[in-house]
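For the record, the sequence lines run as chains A and Y. Here the working numbering is used: the first residue of the first sequence is 1, the next is one more, and so on. Here the working numbering is used: the first residue of the second sequence is 286, the next is one more, and so on. Every residue, glycine too, gets a C-beta built ideally from N, C-alpha and C.
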Amino acid sequence: MIDFLQLLVYGVVLGSILTLGAIGVSLIFGILRFAHFAHGDIMTLGAFSALAVVSLGLPVLVALPIAMAITAVIAVVIDQTIYRRLRRTAPVILLISSFGMALGLRSLIQLIFGPNNQVFAKGIQMPYRWGDIVVKPDHLLIVGGAIVLVLVVHMFLSHTKMGKAMRAMSDNVDLAAACGIPAERVVMWTWILAGCLATAAGVFLGMDAQLHPVMGWNILLPVFAATILGGIGKPYGAIAGGMVIGIAMELSTMVMPPVYKPAVAFAIMVAMLIWRPQGIFKGQA
Amino acid sequence: MIRIENVSKSFGGIQAVHACSFDIEKGSVTGLIGPNGAGKTTLFSIVAGFVAPTEGRIVLDGEDITQLAPHERFHKGLVRTFQIPQEFSRMTVRENLMLVPAGQSGESLFSAWFRRGRVSAEDKRIAEKVDEVLDFLEITHVADEVAGNLSGGQKKLVELGRTMMTDAKVVLLDEPGAGVNRTLLKKITDAVQRLNTERGYTFCIIEHDMDLIAKLCDPVVVMAQGTVLTQGTMDQVKADQQVREAYLGGGMSGGVEA
Chain A
1 MIDFLQLLVY
11 GVVLGSILTL
21 GAIGVSLIFG
31 ILRFAHFAHG
41 DIMTLGAFSA
51 LAVVSLGLPV
61 LVALPIAMAI
71 TAVIAVVIDQ
81 TIYRRLRRTA
91 PVILLISSFG
101 MALGLRSLIQ
111 LIFGPNNQVF
121 AKGIQMPYRW
131 GDIVVKPDHL
141 LIVGGAIVLV
151 LVVHMFLSHT
161 KMGKAMRAMS
171 DNVDLAAACG
181 IPAERVVMWT
191 WILAGCLATA
201 AGVFLGMDAQ
211 LHPVMGWNIL
221 LPVFAATILG
231 GIGKPYGAIA
241 GGMVIGIAME
251 LSTMVMPPVY
261 KPAVAFAIMV
271 AMLIWRPQGI
281 FKGQA
Chain Y
286 MIRIENVSKS
296 FGGIQAVHAC
306 SFDIEKGSVT
316 GLIGPNGAGK
326 TTLFSIVAGF
336 VAPTEGRIVL
346 DGEDITQLAP
356 HERFHKGLVR
366 TFQIPQEFSR
376 MTVRENLMLV
386 PAGQSGESLF
396 SAWFRRGRVS
406 AEDKRIAEKV
416 DEVLDFLEIT
426 HVADEVAGNL
436 SGGQKKLVEL
446 GRTMMTDAKV
456 VLLDEPGAGV
466 NRTLLKKITD
476 AVQRLNTERG
486 YTFCIIEHDM
496 DLIAKLCDPV
506 VVMAQGTVLT
516 QGTMDQVKAD
526 QQVREAYLGG
536 GMSGGVEA
């Protein structure tokens, strides 16, 4: 039982990280109709941007918004220089180009920061204990941060004109244009939002463990699994998807070795694609 | 108001619109008729900016808008509807209509959070307008239904409702009557007439229902094989020999007389 609760804690932490990534993937798919393979590496980029700021002597939580801004700008630049030219071609070409982007980003990060593991803060954190359950302060920060960000995203999507425009455009591109919605500005805001969320996911991932140039790539599969579970193109579904995948991955270590964690995510994704490709929440935006 | 100048469009080897020119006069209700495949809808898409012409210009109030994106034309007061009704299928009918008015205060995250008073006052004003439009079109009972679940005719009305939510100058209606019952068709006709006389909207209407065209439209432009065949009042058009030939076999020669 203790094991189960402890793993549940880890699952919620991982789920929070996956959720932040999955919302971005879902938004991008909704607006631009392609699976963004470089999303994991955008997370890595966000984490390492934060690391660069931290190395100047600032605390991680201050570095986070700065890294978000840096990553969002880079995401917009990538879109404007690479993806924008390919928008009128078949979606599969965008997908392949994002794959190339992923490789490029990863190599660039490795070139600048080196191939070794790095950490935001050295030393040991004293964990909180409830009975036999151990929770690190960073864990609370990650889950709390994810909740705050999800609330901000919800507020943005449901209450701002740009958020409504995003939902409208993911629903019907032509009609959105006929209603006076500026497509290119919506696309730009989509990248800003997805970039900020990916940064948070990357930074949280780095806080939970370590930073490494392939950290984002390694987590891309679970992020995609979460996106598909929630119904691709449906940001609210991504929240549920992220939590389910995160918890399932951690709980699976009770019965099988931890190296199979990504396999669990993969199995859930395949099962979903076979039996319920529209996601858990049918028909909801 | 709108000048269509020598517009051509080909898709691959098919010339959908060929050297087409006519004006939509300010304050008019211009009818656009012609046999199926005459290029009417393609021309609408070119005017609204959804399809780029291969050749030619679109001029709105003296300004060349050929290069503008659809949303920019919308903000200049040029609004269109679709022949096959389009809707935001995952939103309710109410949300579909509320989305249209531009310049809402809820635009920024800041106002959405910190100036809720102003935003909600505005939302209320827009919501009242939505109620008015829904009531007018007699679709109040489906206001909170997800738009994807509506019938074809109801979607058609939501299309029309959308144009009533904004202060349009020119409205392009693509077959507003198709799939709508007779009583409602009369309401739509009345609505167009009222928006035209009271609010000064200019209309251009594609329609196969000749009664509706005869009642509403002056002038009437006839298109065939991608180009303008003739234009004039309904009576002049009806009397035109070329028009009869273009429609021959399409059953219009009888239809016009009726």
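- In this structure, the straight-line span from the alpha carbon of A/Phe-266 to that of A/Phe-224 is close to 9 angstroms.
- Under the criterion of beta carbons closer than 8 angstroms, A/Gly-145 and A/Ala-200 qualify as touching, at roughly 6 angstroms.
- Residue pairing of Y/Gln-516 in beta bridges, as defined by DSSP: Y/Val-506.
- Nearest Cα to A/Leu-61 within the set A/Gly-216, A/Leu-251, A/Phe-204 and A/Asp-79: A/Phe-204.
- Contact with chain Y is found for A/Arg-167, since one of that chain's Cβ atoms lies less than 9 angstroms from the residue's Cβ.
- By the beta-carbon neighbour count (other beta carbons within 10 angstroms, threshold 16), Y/Gln-371 is buried.
- The C-beta of A/Ile-274 has fewer than 16 other C-beta atoms within 10 Å across all chains shown, which makes the residue exposed.
- In this structure A/Val-119 is exposed. Its beta-carbon is surrounded by fewer than 16 other beta-carbon atoms within 10 angstroms.
- The three-state reading of DSSP puts Y/Asn-291 in strand, counting E and B together.
- Inclusion of A/Gly-30 and A/Ser-170 in the CB contact set at 9 angstroms is warranted, their separation being smaller than that value.
- Identification of chain A residues near Y/His-360 by a Cβ-Cβ cut-off of 7 angstroms yields Gly-180, ordered along the chain.
- The shortest CA-to-CA distance from A/Gly-131 to any of A/Ala-168, A/Val-270, A/Gln-6 and A/Gln-278 is the one to A/Gln-6.
- Here A/Tyr-128 is exposed. Its C-beta has fewer than 16 other C-beta atoms within 10 Å.
- Under the three-state reduction of DSSP, Y/Asp-349 is assigned to strand.
- Remark: fewer than three beta-carbon pairs, one from each stretch, lie closer than 8 angstroms, so the stretch 376 to 384 of chain Y and the stretch 345 to 365 of chain Y are not flagged as touching.
- 9 angstroms or more divides the Cβ of A/Val-134 from the Cβ of A/Leu-193.
- Contact annotation, A/Thr-190 with A/Ile-28: C-beta distance approximately 6 angstroms; criterion of less than 8 angstroms satisfied.
- Ranked by Cα distance from Y/Leu-422, the options Y/Leu-470, Y/Gln-516 and Y/Ala-412 are led by Y/Leu-470.
- For A/Leu-45, the closest alpha carbon among the candidates A/Ser-16, A/Gly-206, A/Leu-141 and A/Leu-32 is that of A/Gly-206.
- Taking a contact to require three or more Cβ pairs closer than 8 angstroms, the stretch 211 to 227 of chain A and the stretch 33 to 40 of chain A qualify as touching.
- Of all residues in the stretch 141 to 165 of chain A, those with a C-beta nearer than 9 angstroms to a C-beta of chain Y are Val-152, Met-155, Phe-156, Ser-158, His-159, Thr-160, Lys-161, Met-162, Gly-163, Lys-164 and Ala-165, reading in chain order.
- Using a Cβ distance threshold of 9 angstroms, A/Lys-164 and Y/Leu-384 count as a contacting pair.
- Put simply, the backbone Cα of Y/Asp-420 is about 27 angstroms away from that of Y/Gly-316.
- A Cβ-Cβ contact shorter than 9 angstroms links A/Gly-11 with A/Met-249.
- Not a single C-beta of chain Y is nearer than 9 angstroms to the C-beta of A/Asp-79.
- For Y/Cys-305, no alpha helix (DSSP H) encloses it; the enclosing beta strand (DSSP E) starts and ends at 299 to 309.
- A residue is called buried when at least 16 other Cβ atoms come within 10 angstroms of its Cβ; A/Lys-122 does not meet this threshold and is exposed.
- Taken atom to atom, the span from the alpha-carbon of Y/Gly-462 to that of Y/His-493 is near 8 angstroms.
- Around the beta carbon of Y/Thr-468, fewer than 16 other beta carbons sit within 10 angstroms, so the residue counts as exposed.
- Take Y/Glu-530, set aside five residues on each side of it, and no residue of its chain has a beta-carbon closer than 8 angstroms to its own.
- The beta-carbon of Y/Phe-335 is placed less than 9 angstroms from the nearest beta-carbon of chain A.
- Not flagged as an interface residue toward chain A: Y/Met-449, since no C-beta distance is shorter than 9 angstroms.
- Chain-ordered, the chain A residues with CB closer than 7 angstroms to the CB of Y/Phe-373 read Ala-168, Asp-171, Asn-172 and Leu-175.
- A direct Cα-to-Cα measurement between Y/Met-508 and Y/Asp-475 gives close to 26 angstroms.
- Less than 9 angstroms divides the Cβ of A/Leu-229 from the Cβ of A/Met-272.
- For Y/Pro-355, the C-beta contacts it makes with chain A under 7 angstroms involve Ala-177 and Ala-178, in order along the chain.
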